[in-house]
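J.: Numbering of the sequence shown is given in our numbering, commencing with residue 2 and proceeding in unit increments.
Below you will find the structure I want to go over with you.
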Amino acid sequence: MNRYALFLILSMLFVGSNVGIGKSIVAFVPVAILATLRFVIAIAVLWPLFSPVKMRAVKRGEWLNLFLQAFFGTFMFTLLMLNGVQRTSAVAAGVITSTIPAIVALFAWLILREKPNGRALVSIALAIAGVVTINLANGSTAAHGAHGDASGSLTGNLLILGAVCCESIYVILSRRLTQTLAPIDICAYTHLFGLFLMLPLGATALWHFDYASVPAGTWALIVWYGLSASIFSFWLWMKGIRHVPGSLAGVFSAVLPIAAAAYGIAFLGERPTLAHGIALACVVAGIVLASLRVKHVPAAAS
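Here it is in structure tokens:
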């Protein structure tokens, strides 16, 4: 395994573990505060990139695209994801989040009229099957008496699915800008917009919050969450993707649900069910299938 493949694995490990880390943090810190702090931490690190000369060179249409990316991919994604993991397990959230490649393909089909091939269609179907399996399992639990927990989990799963849809829109919107702006600049500008969008929600909560009630270890997790979610995972993925074939890169997305499940089991005491296993198998199979390289056999000379 070369170092660039390792970069992609580390990126997905960070993304997957952040699902569980976010759940650990929101047990002590309100979602609005954590979301706001994430953007503050990111902007503090990315601040040197906000050059007035570079920013004046960005066209008006590009700023609109950046705002839409920020709205869906940072603001809405963060709110839906954190509210979702507050209500469901890290294992379930990780499985649902890993359907992003399939949902991107589905949206590209519906919105951009990019017709997927047969393998992509099967991948989309497997991703949908995985999400349905988890939610049907919650419905079955509710039917057998654990209505409160199951209802909360179902709501959490739907919020995570909403976050996945927002992130998929972000990916589609980013296709145009990556041709004209550096990826790290896109990251900086979208997080700046994200902070402006989040401040009206987080400012009041930040003012009235009892900071002494948060354990020191949780503050360390908040700093790590802000850095890894906004900086480290992004940089590692962009660094690795340049040197790994696109057809193979998608396979590394399968690391995400495994990392989320591992964190949930090791640090949150979660117990995966058979439904989680089936859903995970569906999603991982879909990711691998969609990423397989097709060998073209030259036609025989007539």
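Cβ coordinates follow ideal geometry from the N, Cα and C atoms, glycine included.
The structure presented is a predicted model; accordingly, all values stated were derived computationally and were not measured.
Hey, how far is the Cα of residue 19 from the Cα of residue 97?
T.: Approximately 14 Å, taken between the alpha carbons.
J.: State the CB to CB distance for the pair residue 291 and residue 120, rounded to an integer number of angstroms; the pair is presumed to be in contact (CB under 8 Å).
T.: With 8 Å as the limit, residue 291 and residue 120 qualify as a contact, their Cβ atoms being about 6 Å apart.
J.: Determine the extent of the alpha helix (DSSP H) in which residue 98 is found, giving its start and end residues.
T.: It spans 91-98 - the alpha helix (DSSP H) in which residue 98 sits, taken as one unbroken run.
J.: Considering just the uninterrupted stretch of the alpha helix (DSSP H) at residue 7, what are its terminal residues?
T.: Note, residue 7: alpha helix (DSSP H), 4-27.
J.: Would you grab the beta carbon distance between residue 164 and residue 227 for me? Rounded to a whole angstrom, and I think it's under 8 Å.
T.: Wrong, their Cβ atoms sit about 17 Å apart, outside the cutoff.
J.: In terms of alpha-carbon separation, which member of 243, 94, 206 lies closest to residue 266?
T.: The residue with the shortest Cα to Cα distance from residue 266 is 94.
J.: State the CB to CB distance for the pair residue 16 and residue 257, rounded to an integer number of angstroms; the pair is presumed to be in contact (CB under 8 Å).
T.: Correct: roughly 5 Å between the Cβ atoms.
J.: So is residue 37 buried or exposed if we call it buried at 16+ other beta carbons inside 10 Å?
T.: Buried, because 16 or more other Cβ atoms sit within 10 Å of the Cβ of residue 37.
J.: Do the stretch 65-80 and the stretch 210-224 touch if we need at least three Cβ pairs shorter than 8 Å?
T.: Touching, no, given that fewer than three Cβ pairs across the two stretches are closer than 8 Å.
J.: Compute the beta-carbon to beta-carbon distance between residue 70 and residue 24, rounded to the nearest angstrom, for a pair I have assumed lies under 8 Å.
T.: Going by Cβ atoms, the distance from residue 70 to residue 24 rounds to 25 Å, so no, they are not a contact pair.
J.: I need the boundaries of the alpha helix (DSSP H) containing residue 116, first residue and last residue.
T.: Run containing residue 116: none; DSSP gives neither H nor E here.
J.: Look at the alpha carbon of residue 155 and the alpha carbon of residue 33, and state the distance between them as a whole number of angstroms.
T.: Roughly 21 Å between the two C-alpha positions.
J.: Please say whether residue 241 and residue 5 have beta carbons closer to each other than 8 Å?
T.: In this structure, residue 241 lies closer than 8 Å to residue 5 by Cβ.
J.: Rounded to the nearest angstrom, what separates residue 103 and residue 213 at their Cα positions?
T.: About 43 Å.
J.: By alpha-carbon positions, which one of 107, 229, 187 ends up nearest to residue 11?
T.: It is 229.
J.: Does DSSP put residue 87 in a helix, in a strand, or in coil?
T.: Coil at residue 87, not helix or strand.
J.: Measure the beta-carbon distance from residue 100 to residue 284 and round it to whole angstroms, keeping in mind my assumption that it falls under 8 Å.
T.: Right, the Cβ-Cβ distance comes to about 6 Å (below 8 Å), so this counts as a contact.
J.: Measure the beta-carbon distance from residue 231 to residue 43 and round it to whole angstroms, keeping in mind my assumption that it falls under 8 Å.
T.: Contact holds; Cβ gap of about 4 Å.
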